[in-house]
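Novice: Sharing a structure below in structure tokens format, with a few things to ask.
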Amino acid sequence: MLQNFPLEFWIISQVVMDAALILVVFLVWRRFSKGPEVPKEAALMAVSRVLEPVLEESRKLAEAFDGQLTEKRAIINKINHDLDARIISLNLLLKRAEALQGEQNPSRKGGQQVQSDHVVDLQQKVVALDAKGLPPNEIASRLQMPLGEVDMVISLKRKFEKMSGA
Numbered sequence: 001m002l003q004n005f006p007l008e009f010w011i012i013s014q015v016v017m018d019a020a021l022i023l024v025v026f027l028v029w030r031r032f033s034k035g036p037e038v039p040k041e042a043a044l045m046a047v048s049r050v051l052e053p054v055l056e057e058s059r060k061l062a063e064a065f066d067g068q069l070t071e072k073r074a075i076i077n078k079i080n081h082d083l084d085a086r087i088i089s090l091n092l093l094l095k096r097a098e099a100l101q102g103e104q105n106p107s108r109k110g111g112q113q114v115q116s117d118h119v120v121d122l123q124q125k126v127v128a129l130d131a132k133g134l135p136p137n138e139i140a141s142r143l144q145m146p147l148g149e150v151d152m153v154i155s156l157k158r159k160f161e162k163m164s165g166a
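The sequence shown lines up with residues 1 to 166 when you count with the UniProt record's numbering.
In structure tokens form, the structure reads like this:
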């Protein structure tokens, strides 16, 4: 009975079966390739919902920390400013006391008065060289003074100018 069918029939039937098999494989592959995407998206959404409150809370904490840090910086700056003002006031009081002491004891023109005049003269030289625009390290080397002392004289002069100008 199989011999009654021509060879062309068998070839065409084989091609049709191959095409149907390829179509079935393609449809199965397409279905499985789309299937796992939905659970991935759902898992990502679930993770997103869990992480969103955590991220929001960490943002709030960071903002609170930043605010506290800014507040602490302002407090430190105010304390520094107040301390500098007190130092300037104490230096002025000390100079006034030295001047009054010099007026009360004109006979004591000994080594202490000469040393005080020398210190005031050095301070005036530092201020003059700073006004010329020389850097503190150059002023220190010219006057053979410690750099820290030169910086202190310059900063006190500037703060005194701010206080008298304000």
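C-beta: ideal position from N, C-alpha, C; glycine also.
Everything numeric in this text was worked out from a predicted model, so none of it was measured.
(1) With distances taken between CB atoms, is the gap from residue 143 to residue 156 smaller than 9 angstroms?
(2) Go ahead and label residue 76 buried or exposed: buried means 16 or more other beta carbons lie within 10 angstroms of its beta carbon, across all protein chains shown.
(3) Identify the continuous alpha helix (DSSP H) that holds residue 167 and give its terminal residues.
(4) With residue 133 as the anchor, note down where its alpha helix (DSSP H) starts and where it stops.
(5) Reducing DSSP to helix, strand and coil, say where residue 65 ends up.
(6) Name the two residues that bound the continuous alpha helix (DSSP H) containing residue 5.
(7) Would you check if the segment 122-140 and the segment 38-55 touch, i.e. whether three or more CB-CB distances between them fall below 8 angstroms?
(8) For residue 146, does the count of other Cβ atoms within 10 angstroms reach 16, so buried, or fall short, so exposed?
(9) In this structure, does DSSP put residue 53 in helix, strand or coil?
(10) Quick one: is residue 150 buried, meaning 16 or more other Cβ sit within 10 Å of its Cβ, or exposed?
(11) Please classify residue 20 as buried or exposed, where buried requires at least 16 neighbouring CB atoms within 10 angstroms.
Specialist: A quick look at the data gives this:
(1) no
(2) exposed
(3) Nothing about residue 167 can be read from this structure; the chain reaches only from 1 to 166.
(4) Counting along the chain, residue 133 falls outside any alpha helix (DSSP H), and DSSP gives it neither H nor E.
(5) helix
(6) Here residue 5 belongs to no alpha helix (DSSP H), and DSSP marks it neither H nor E.
(7) no
(8) exposed
(9) helix
(10) buried
(11) exposed
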